[in-house]
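Heads up, the thing below is written out as structure tokens.
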């Protein structure tokens with residue numbers, strides 16, 4: 008039997024976007040496969056353990072003594088506590104699902120790479136993260152036993168920017184959960200009423216307010232659209248990112264407060280209803296490793 012660890016210390020629930028949904032969905036699907044020849048151990052922060060308690064209950068889970076909100080502390084814990092725990096647990100490999108792995112390791116590493124945006128667009132990140140990623144990402148990618156890329160676009164970036172050996176790159180396209188039955192009319196009405204929306208009369212954009220998500224352009228476009236279609240609404244789901252103050256100020260400057268819904272993070276069930284009932288799902292992002300919401304909307 009193989010014993011594999013999964014490093015989830017980097018996931019701060021609600022703050023890392025689609026990579027959280029992807030990783031959690033992957034682990035749920037793996038559990039459903041009931042692989043008898045594979046033992047999986049999760050290494051998580053305290054906040055992850057609280058907010059994904061059901062997932063942690065599916066696997067043996069080891070909780071690190073950190074909340075996860077401090078990047079500096081997380082990096083330190085990965086190269087100390089995690090290295091110690093993975094040695095103690097006698098792992099065959101550790102899957103680092105966040106795109107990098109710590110410089111101090113006690114087991115072979117596998118990395119899932121979502122994108123290399125901090126290297127391709129460094130101006131969108133603060134100096135500390137920019138320096139950290141530019142130094143660590145290429146080295147850790149070259150040191151990994153395998154690099155899992157979700158798209159050929161990301162795989163090409165890994166080869167070109169990090170000089171990863173193509174023989175060690177594994178392309179695994181993204182997927183979504185099996186399509187569940189449509190929510191009942193009563194449930195759809197309940198969700199729409201909660202956000203004061205009418206079926207088919209709103210534009211939906213599910214994204215944390217990061218710079219590359221390009222909320223600015225969408226809000227400008229909606230302002231023009233709303234002048235000729237005053238009954239339309241704009242629904243922005245997702246947690247608050249670095250551009251949240253800009254989004255708030257732009258909505259106020261254009262006097263759109265009454266027609267823009269800022270829902271924050273919504274449940275999977277609520278998002279399903281919002282996608283099914285939207286007139287349009289917009290996706291103005293200027294950069295994506297893949298862009299999972301597009302696939303979810305098509306489904």
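Numbering (our numbering), first residue to last: 8 to 306.
We put the beta carbon where it would ideally sit given N, CA and C, even for glycine.
Around residue 261, the same chain offers 230 as residues with beta carbons nearer than 6 Å, after the five sequence neighbours per side are excluded.
With contacts defined by Cβ atoms closer than 8 Å, residue 221 and residue 115 do not form a contacting pair.
With a 10 Å radius around the Cβ and a threshold of 16 neighbouring Cβ atoms, residue 39 comes out exposed. By the 16-neighbour rule on beta-carbons within 10 angstroms, residue 91 is exposed. In the DSSP annotation of this structure, residue 115 is not part of any beta strand (DSSP E), being labelled neither H nor E. Inclusion of residue 254 and residue 198 in the CB contact set at 8 Å is not warranted, their separation being larger than that value. In the structure shown, residue 60 adopts helical secondary structure according to DSSP, grouped into three states. Residue range 25-40 is occupied by the alpha helix (DSSP H) that includes residue 26, with no beta strand (DSSP E) assigned at that position. The shortest CA-to-CA distance from residue 301 to any of 196, 272 and 211 is the one to 211.
With a cutoff of 8 Å on beta-carbon distance, residue 303 and residue 282 are scored as near each other. A Cβ-Cβ contact shorter than 8 Å links residue 217 with residue 248. By the neighbour-count definition (other C-beta atoms within 10 Å, threshold 16), residue 158 is a buried residue. Residue 148 holds the alpha-carbon nearest to the alpha-carbon of residue 166 among 152, 182 and 148. Residue pairing for residue 213: DSSP places it in a beta bridge opposite 244. Annotation: residue 74 to residue 232 spans about 43 Å, alpha carbon to alpha carbon. With three or more CB-CB distances shorter than 8 Å, the stretch 30-37 counts as touching the stretch 50-70. Residue 288 sits in a strand when the DSSP states are folded into three classes. DSSP, reduced to helix, strand and coil, places residue 10 within a strand of the structure shown.
In this structure, residue 246 keeps its C-beta atom at 8 Å or more from the C-beta atom of residue 207.
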